[in-house]
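A short write-up of the structure that comes next.
In this note's numbering, the protein residues as written are 165 to 581.
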């Protein structure tokens, strides 16, 4: 069946039993079969940009939160006894390479093919061929993209199961997804209608997915593991970690304004140009930071070199307009480092916001100063962060939720056309 016809079908999924739906909405445990009856499906992550992150390439700035999360989850699944594969673009790695128990398959080079034509070949054709070669039971794809449709159609065609996982609150807001072309946005929305399961990070995404696309979803938090040898220090700086791109939503200039308002505090800014050559935003922020005495601007750092900065942070600041669940939050909370942010990710502990959500620079500056001067206030915030991370974002907690989802999928009949 031609790809276009497959996508136009837009088949709706069967309604789930009420008890299962309730478990997804409230983030509670999903129903499990007895351990003896639980097979170990082969899972494939279709993640074009994952190789630089998964292989810990220190020179490639193409580091995204979605790729970090998939890398953590893939390794956790291997440790739990699952067979795990990945499909990545060609960044110079071998055609097939086994790394940390995960078989990574290579597709095409990022800029391969002729403009316009390359959408079909090599992109669609090579990825389709790679998915056939992997021959997994479940295919997992994260982030809104035309790839959502490709994975969904492939799985419908070959009797496999598909999972789409959101990476940003805008993934379920029509017309606002971070997708460049209308064609690709249309394909993403068709794919969203066809995938077997949708995984969301928070209640906002869950609400928007249902309201805007009529799909129920499963809430599974992001996860993180502290590196070996972590040793949090005195907490002497305010930390900001993100990429800096033109027309981006990270708003690094707000962090510099906070540094100007609090000259007695040390501010550390970590982030590169996101792989964009000649990025004017990055150059502008770097030049402005150089003129502020209490700002340390590192530029891009590989993940392994970023971790020690969290050990020494007093507080993490996030200046974004919107987020999903930033990995930087998890890196902070696991260490008991409080956060101050301009966006509410929906993190709640006993019904109360986990961190201070501020409406402007003045409010943020006041909260930062209090976290430095009021030890009791900082101590309470730190303890709440550790508690929340332990019960929500630990690898064991997230893996249990994900295994419940896999259990549902593999015990359902595959949906065809």
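Don't be surprised by glycine CBs; every beta carbon is placed ideally from N, CA and C.
- Residue 326 has its alpha-carbon roughly 29 Å from the corresponding atom of residue 278.
- Partner residues in the beta bridge of residue 517, as assigned by DSSP, are 512.
- For residue 456 and residue 424, the gap between their C-alpha atoms comes out near 7 Å.
- Taking 9 Å as the cut-off, the Cβ atoms of residue 432 and residue 479 do not count as close.
- Per DSSP, reduced to three states, the secondary structure at residue 460 is strand.
- Under the three-state reduction of DSSP output, residue 558 falls in the coil class, being neither helix nor strand.
- Listed in chain order, the beta strand (DSSP E) elements of length 3 or more contained wholly in the segment 368-425 are 401-405.
- Per the DSSP secondary-structure output, residue 477 pairs in a beta bridge with 401.
- The continuous beta strand (DSSP E) containing residue 505 extends over residues 503-505.
- Distance from the CA atom of residue 230 to the CA atom of residue 426, rounded to whole angstroms, is 33 Å.
- In the displayed model, residue 549 falls within a helix according to three-state DSSP.
- Rounded to whole angstroms, the gap between the alpha carbons of residue 248 and residue 460 is 40 Å.
- Here residue 446 carries a helix assignment [DSSP, helix/strand/coil].
- The straight-line gap separating the alpha-carbon atoms of residue 421 and residue 469 is approximately 26 Å.
- For residue 328, the secondary structure class from DSSP, reduced to helix, strand or coil, is strand.
- Assignment of residue 206 by DSSP, reduced to helix, strand and coil, places it in the strand class.
- Distance check between residue 529 and each of 481, 297, 559, 465 places 481 closest, using alpha-carbon atoms only.
- Scanning 257, 254, 265, 311 for the CA closest to the CA of residue 236 turns up 265.
- The alpha helix (DSSP H) runs lying completely inside the segment 243-315 and spanning 4 residues or more are 289-298, given in chain order.
- Look at residue 499 here: in three-state DSSP terms it is coil, with no helix or strand label.
- Boundaries of the alpha helix (DSSP H) around residue 525: 525-537.
- Take the alpha-carbon of residue 443 and the one of residue 329: they are about 29 Å apart.
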